[in-house]
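Counting in the numbering used here, the sequence shown runs from 46 upward without gaps. Each residue gets a CB set at the ideal place from its N, CA and C atoms; glycine is no exception. Computed from a predicted structure; not experimentally measured. Input: a single structure, listed below in structure tokens.
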Amino acid sequence: MKKKTPLFIFLLCLSLFFTSLSFKAQNGTSKDLKRLKTDSIKRDNIVAETIDIDTTVAYKGKFKPFKKKVHASYYADKFNGRKTASGKKYDSSKLTAAHKKFPFGTILKVTNESNGKSVIVEVIDRGPFVRGREIDLSKKAFMNIVNNKRSGSVIVTIEVLQK
46 MKKKTPLFIF LLCLSLFFTS LSFKAQNGTS KDLKRLKTDS IKRDNIVAET
96 IDIDTTVAYK GKFKPFKKKV HASYYADKFN GRKTASGKKY DSSKLTAAHK
146 KFPFGTILKV TNESNGKSVI VEVIDRGPFV RGREIDLSKK AFMNIVNNKR
196 SGSVIVTIEV LQK
């Protein structure tokens with residue numbers, strides 16, 4: 046049997062490398078899977094929200110309208126990791142919100158009025174302390190409902206989960 050030349054081995058490795066790249070592009074990597082957006086599912090008064098691939102949170106009850114045409118914004122990154130008024134640490138990658146009046150732990154459905162996208166958040170902080178704004182969303186919650194990722198505020202409808 047003939048000895049394999051270094052050029053042949055190099056070409057074989059190169060083809061395996063490009064094959065693995067195309068396989069990852071078709072099937073997605075674990076980083077791509079983590080970027081999946083959240084989805085809401087409604088069935089018989091049970092609202093479920095998929096947060097990650099393997100985690101589902103289910104809430105029993107109905108969302109009752111609270112207020113329309115509300116001015117919403119999102120927390121600045123400088124607050125990430127700081128304690129909130131409820132004692133929990135703020136995490137910009139979680140679906141949370143700040144409201145002046147709702148009790149901590151209240152579940153809200155926030156819907157962007159311009160595109161119909163919605164997100165379910167938990168109130169963990171007080172604020173916003175800017176005149177004219179009703180609710181502050183975490184960065185992840187805000188980015189899930191807006192089309193223009195460069196905007197800092199949006200007009201939304203707030204609904205409260207009634208158990």
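Comparing alpha carbon positions, the residue from I203, E179 and P51 closest to I152 is I203. DSSP, read as helix, strand or coil, puts A117 in strand. In the DSSP assignment, the residues bridged to N157 are V201. In this chain, the beta strand (DSSP E) harbouring A142 covers T141 to H144.
If you look at S163, you'll find it in the beta strand (DSSP E) that goes S163 to D170. Residue range K184 to I190 is occupied by the alpha helix (DSSP H) that includes K184.
Residue environment for D122: exposed (fewer than 16 other C-beta atoms within 10 angstroms of its C-beta). The closest CA to that of S138, considering only K194, P51 and L182, is found on L182. Checking the DSSP bridge columns, you'll see P51 has no partner listed. Remark: C-beta atoms of H116 and G177 approach each other more closely than 7 Å. Annotation: R195 to P51 spans about 52 Å, alpha carbon to alpha carbon. Note on geometry: alpha-carbon atoms of S159 and I54 lie some 57 Å from one another.
Exposed is the label assigned to V175, since fewer than 16 other Cβ atoms lie within 10 Å of its Cβ.
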